[in-house]
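Here is the structure we will look at.
Residue numbers (UniProt numbering): 1 to 144.
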């Protein structure tokens, strides 16, 4: 009986540790998503550079695919600009050093002085790099 209690206690302890670690990683990813969102909204180019992987593939709901350089250039030049931008109904799934993030992209985009409501779905792939930072390696938006 003592051995069974010890084994059950050990398993409960380990399960709690794994859940806490997953929660911590999920929080790190959620924070990275939030930092990216704020960087896009406020044209924070150094932050965008820091959060996007060199091999980023960034897909728009229009079907346009960009690399890191083109994605950041559109933000920097104002081709992609926002009055408001938030990610809603976010779900994060972890698989090792990869995080799959689904959310609803809700924005008031700016086309010159015109405000364009934008409601699309968003799928992001983040990878934890060797330096411990989560970087965006892929993004695909789609209309629903």
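Here a beta-carbon is modelled for each residue, glycine too, at the ideal position from N, C-alpha and C.
Counted within 10 angstroms of its Cβ, other Cβ atoms place residue i as buried (16 or more) or exposed
i	result
residue 70	exposed
residue 124	buried
residue 80	buried
residue 139	buried
residue 122	buried
residue 130	exposed
residue 68	buried
Beta-carbon contacts of residue i that lie in its chain and below 7 Å, excluding the five residues immediately before and after
i	result
residue 89	103, 104
Anticipated Cβ contact below 8 Å, residue i with residue j, distance rounded
i	j	result
residue 107	residue 118	4 Å
residue 142	residue 62	That pair is no contact at about 10 Å.
residue 49	residue 72	7 Å
Proximal residues to residue i (C-beta, below 6 Å), its chain only, five neighbours per side dropped
i	result
residue 82	41, 107, 109
residue 91	102
Sequence-distant residues of its chain with Cβ nearer than 8 Å to residue i (five each side left out)
i	result
residue 127	53, 97, 98, 99, 134, 135, 137
residue 37	85, 86, 87
Of the residues the options, the one placed nearest residue i, counting alpha carbons only
i	options	result
residue 115	140, 85, 60, 37	85
residue 28	132, 48, 44	132
residue 111	120, 77, 144	77
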